[in-house]
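Protein chains: 2
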Amino acid sequence: MITKGSESTIKASPEDTRTRILEAAREIYVLKGFRGTTTREVAERASVNEATLFRHFGNKEALIEAMFKNACEHDGENLAEFFAGTTADVASDLRLLAVQALHGMAAKRDLILISLAEEPRDPTGFNIMWKTPSVVFERLQAYFAQAGSQGKVHGDPAMNARFFMGMLFAHVMGRCIFGTPNFEEVADYSVDIFLNGIGNK
Amino acid sequence: MITKGSESTIKASPEDTRTRILEAAREIYVLKGFRGTTTREVAERASVNEATLFRHFGNKEALIEAMFKNACEHDGENLAEFFAGTTADVASDLRLLAVQALHGMAAKRDLILISLAEEPRDPTGFNIMWKTPSVVFERLQAYFAQAGSQGKVHGDPAMNARFFMGMLFAHVMGRCIFGTPNFEEVADYSVDIFLNGIGNK
DNA sequence: ATGGGATGCGTGTAAGCACTTGCATTCGCT
DNA sequence: AGCGAATGCAAGTGCTTACACGCATCCCAT
């Protein structure tokens, strides 16, 4: 039961309850991991009866999997333009990718970490989570190969892709250790160091 | 009871049982996390009775904390030479640090990940785990400041430290996504890109 | 040989967990 | 009005878990 607009109270739609449960599940899962997440607590936080949760998802495992899928639903939607092909300016290409990747990863930092840590006991979440980044990595490698053949960048494409993505990855993941400058700054600095570093000064 | 050498079977010392329990705890903890780690399984793997485990550590929480401390006991032992001060060659300084850091982090990759992921529910392990890296980070920052004042490197010391350590960090943590070249190669490449990148070509 | 410390062993307990079931209720739709 | 789908509610089941306790056993130092 949820109050909606200026009308009287109406019943939430099944879709609504479903997404409320998924959101609650995520909030608790990133705090406590799989074993630490109890169906009771999820139901409570979603303001839903525990039985309803099971009626929707069958069991806890399926719930968590649905939660992962839900979180990654719109991954990589705005990457098409970048990967259409090399444009004139490598620096601005990379900067665009950097900003998008930084924001995308930051929005799911907690899930990314948990999926890495829980990988040995539950590869499901890991696989869902890393699908898009893997694609990006491969595409970026191809991008460097192409740009390389045009003489726009130097160095091994695989190593370059590894390092460039690694720089972004490290910034998002290690923010609690290394502090948190804003993403624009990081993106600029990354592209700068990187292109300079591989000899595009 | 453990057979030792060609002599007859002798009883293991308390110290011995203690470390056996700690090792078993680590093996299971990195696979299953805190909630997933059961005292029964740890005891089993350590070939020790469950009661013995409690007699040694009191409770599960204390056991895990002891395990973290034990794992970090010898952290940063061979960093003194590096941080004695700037030597003639920045590149070889950094390369030395890189190789040591890469090996150190790789040996504890699983624990590092888990400590990051479990941070919100249990900062204890996190704090133990990240003590040395934090120190390294600060010292590296100071190193860059000093080297900078001598005109050996350019750029903001904090940003430089962040980026350099970030590159290493990303390589160890992301190895399953980005593949795993060997550490010597990574160290060389990192120092190279980095120094080039900040303008020390 | 003997006493004390460390360990094994079994049993027990109280709590928490995923998941089920049967029934009452409420809302939207025709 | 009335049907059906979605939900609430309460009680329960069977399993696992951390942790406690009492007692027997074994080793080592005196």
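Protein sequence lines, in the order shown, are assigned to chains A and B.
According to this note's numbering, the first sequence holds residues 1 to 201 in order.
According to this note's numbering, the second sequence holds residues 1 to 201 in order.
Positions of the beta carbon are idealized from the N, C-alpha and C atoms, including for glycine.
Figure out for me which residue from the options has the closest Cα to the Cα of residue i.
i, options, result
"Ala101(A)", "Leu79(A), Val90(A), Leu113(A)", "Leu79(A)"
"Ala117(A)", "Tyr29(B), Lys131(B), His154(B), Leu53(B)", "Tyr29(B)"
"Glu138(B)", "Ala161(B), Glu23(B), Ala107(B), Glu50(B)", "Ala161(B)"
"Gly33(B)", "Leu195(B), Phe194(B), Ile114(B), His56(B)", "Ile114(B)"
"Thr37(A)", "Tyr143(A), Glu61(A), Arg55(A)", "Glu61(A)"
"Val209(A)", "Glu41(B), Thr52(B), Ile193(B), Ala158(B)", "Because chain A here runs from 1 to 201, residue 209(A) falls outside it and cannot be looked at."
"Arg45(A)", "Thr39(A), Ala24(A), Ile64(A), Val136(A)", "Ala24(A)"
"Arg20(B)", "Leu31(B), Glu77(B), Asn70(B)", "Asn70(B)"
"Val48(A)", "Tyr189(A), His74(A), Ala12(A)", "Ala12(A)"
"Phe68(B)", "Val135(B), Trp130(B), Gln141(B), Ser190(B)", "Trp130(B)"
"Phe54(A)", "Glu119(A), Arg18(A), Gly104(A)", "Arg18(A)"
"Cys72(A)", "Leu31(A), Val191(A), Glu50(A), Met105(A)", "Met105(A)"
"Ser134(B)", "Asn182(B), Gly76(B), Leu96(B)", "Gly76(B)"
"Tyr143(B)", "His74(B), Val90(B), Arg40(B)", "Val90(B)"
"Asp16(A)", "Gln141(A), Arg109(A), Ala145(A), His56(A)", "His56(A)"
"Asp110(A)", "Leu140(B), Asp188(B), Arg121(B), Leu96(B)", "Arg121(B)"
"Phe83(A)", "Leu31(A), Gln141(A), Arg35(A), Glu184(A)", "Gln141(A)"
"His74(B)", "Arg35(B), Thr132(B), Ile64(B)", "Thr132(B)"
"Leu22(A)", "Arg35(A), Asp192(A), Leu63(A), Val99(A)", "Leu63(A)"
"Asn182(B)", "His154(B), Ala98(B), Ala145(B)", "Ala98(B)"
"Ile193(A)", "His154(B), Thr39(B), Ile112(B)", "His154(B)"
"Glu184(B)", "His103(B), Ala145(B), Arg35(B)", "His103(B)"
"Leu31(B)", "Arg95(B), Ile112(B), Leu96(B)", "Ile112(B)"
"Asp188(A)", "Val136(A), Ala66(A), Leu96(A), Ala145(A)", "Leu96(A)"
Alpha helix (DSSP H) containing residue i: first to last residue?
i, result
"Asp16(A)", "14-36"
"Asp75(A)", "Taken as a continuous stretch (DSSP letters only), Asp75(A) belongs to no alpha helix (DSSP H), as it is neither H nor E."
"Lys60(B)", "60-71"
"Gln141(A)", "123-149"
"Ala80(A)", "Run containing Ala80(A): none; DSSP gives neither H nor E here."
"Val42(B)", "39-45"
"Asn160(B)", "157-173"
"Glu50(B)", "50-57"
"His154(A)", "Taken as a continuous stretch (DSSP letters only), His154(A) belongs to no alpha helix (DSSP H), as it is neither H nor E."
"Asp93(B)", "90-107"
When we look at the beta-carbon of residue i and count the other beta-carbons within 10 Å, is it buried (16 or more) or exposed?
i, result
"Gly174(B)", "buried"
"Pro14(A)", "exposed"
"Gly58(A)", "exposed"
"Ala107(B)", "exposed"
"Arg26(A)", "buried"
"Leu195(B)", "buried"
"Ala43(B)", "buried"
"Glu119(B)", "buried"
"Thr3(A)", "Residue confidence for Thr3(A) is low, a pLDDT of 36 falling below 50, so the modelled location carries little weight and cannot support an answer."
"Ser190(B)", "buried"
"Asp93(B)", "buried"
"Ala51(B)", "exposed"
"Glu7(B)", "Bear in mind that the predicted position of Glu7(B) carries a pLDDT of just 36, short of 50, making it unreliable; the figure below should be weighed with that in mind. Result: exposed."
Segment contact, 8 Å Cβ cut-off, at least three pairs: the stretch 120-137 of chain A with the stretch 134-152 of chain B:
no
Output needed in chain order: residues of the stretch 132-147 of chain B with a Cβ under 9 Å from some Cβ in chain A.
Pro133, Ser134, Phe137
Say whether the stretch 163-177 of chain B touches the stretch 165-174 of chain A, bearing in mind that this needs 3 or more beta-carbon pairs closer than 8 Å, one atom from each stretch.
yes
Chain B contacts from the stretch 20-33 of chain A (Cβ-Cβ distance under 7 Å):
Leu31, Lys32, Gly33
Residues within the stretch 56-86 of chain A neighbouring chain B, beta-carbon criterion of under 9 Å
none
With 8 Å as the limit, tell me which residues of the stretch 94-106 of chain B have their beta carbon closer than that to any beta carbon of chain A; keep them in chain order.
none
Between the stretch 108-119 of chain B and chain A, which residues of the former have CB atoms less than 9 Å from a CB of the latter, in chain order?
Asp110, Leu113, Ile114, Ser115, Leu116, Ala117, Glu118, Glu119
Of all the residues that make up the stretch 165-176 of chain A, which are near chain B by a beta-carbon distance shorter than 9 Å?
Met165, Gly166, Met167, Leu168, Phe169, Ala170, His171, Met173, Gly174, Cys176
Taking any Cβ of chain A, which residues in the stretch 149-161 of chain B have a Cβ under 7 Å from it, in chain order?
Met159
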